[in-house]
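I have placed the structure first, in the form of structure tokens, so that the comments after it can refer back to it.
Residue numbers (this note's numbering), protein chains in the order written: chain A, 1 to 116; chain B, 117 to 226.
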């Protein structure tokens, strides 16, 4: 079946540095991918909608200059956490819907970010 | 604004049926209703989805109200492995806009 892969699955970075998380659709193309954040024992929270070839749409309260999203191809979206702080430590997940079957959603396995 | 709501938590006994509700009162006519579940530290896992008619698969059943403003995920016989957070998600026909509830944490007692 369709697979969405995230890389890295776990990353530790120093406070003040930037870290990039990739979301790839391995066997389908997606014009739209979604990014979520999840703090421990809390619900998934939608951060932004990533659109291939255009700017991402951010949910209220999510800083677009801090969470840079690039969707340069139909199989890859990246989320860059800039100037990371310990409070950005979280589980980041992406999802994608295939162009060929837009009514389905495939989630990635998630990426753990720890900022020290 | 589109809004999808779910109860925060529910409890069930093992081997008993579980009905997990979701309200999506602002759903449009072409939005699909999806259900996913999530175990700790994992990405959400697909459970079932539908548009208007009730749906059945090996994992669960999905009952959709006639006005589509609510739906119910039915686990026919809960097992301990069904303990998870269940998310109800609305996805538009173009696949570029989704709304999801806060999730229901299902606890299954042996």
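Where is the CB? At the ideal position from N, CA and C, for every residue including glycine.
Between the alpha carbons of residue 61(A) and residue 44(A) lies a distance of about 15 Å. With respect to residue 139(B), residue 168(B) sits apart: the two C-beta atoms are not nearer than 7 Å.
Inter-residue distance for residue 179(B) and residue 142(B) is about 18 Å (C-alpha atoms, whole angstroms).
At least one beta carbon of chain B lies nearer than 7 Å to the beta carbon of residue 102(A). Chain-order list of chain B residues neighbouring residue 77(A): empty, with the shortest C-beta distance near 13 Å, by a criterion of under 8 Å. Out of 147(B), 194(B), 158(B), the CA that lies nearest to the CA of residue 128(B) is found in 194(B). CA-CA distance, residue 49(A) to residue 104(A), rounds to 16 Å. The CB of residue 180(B) never comes closer than 7 Å to any CB in chain A; the least such distance is about 14 Å. With 16 or more other CB atoms across the displayed protein chains lying within 10 angstroms of its CB, residue 201(B) is buried. At a cut-off of 7 Å between C-beta atoms, residue 212(B) counts as an interface residue with respect to chain A. Nearest CB-CB separation between residue 32(A) and chain B: below the 7 Å threshold. Shown here, residue 197(B) sits in a helix according to DSSP, grouped into three states. With a 10 Å radius around the Cβ and a threshold of 16 neighbouring Cβ atoms, residue 3(A) comes out exposed. Per the DSSP secondary-structure output, residue 25(A) pairs in a beta bridge with 4(A). Collapsing the DSSP output to three states places residue 101(A) in a helix. Scanning its chain for C-beta atoms nearer than 6 Å, with the 5 sequence neighbours on each side dropped, one finds around residue 39(A) the residues 90, in chain order. Each of 34(A), 5(A), 41(A), 73(A) was checked against the Cα of residue 57(A), and the nearest Cα belongs to 34(A). Here residue 26(A) is not near residue 36(A), since their CB atoms are 7 Å or more apart.
Residue 119(B) and residue 217(B) have their C-alpha atoms spaced approximately 8 Å apart.
Taking 9 Å as the cut-off between beta carbons, the residues of the region 6-31 of chain A near chain B are 6, 30, 31, in sequence order.
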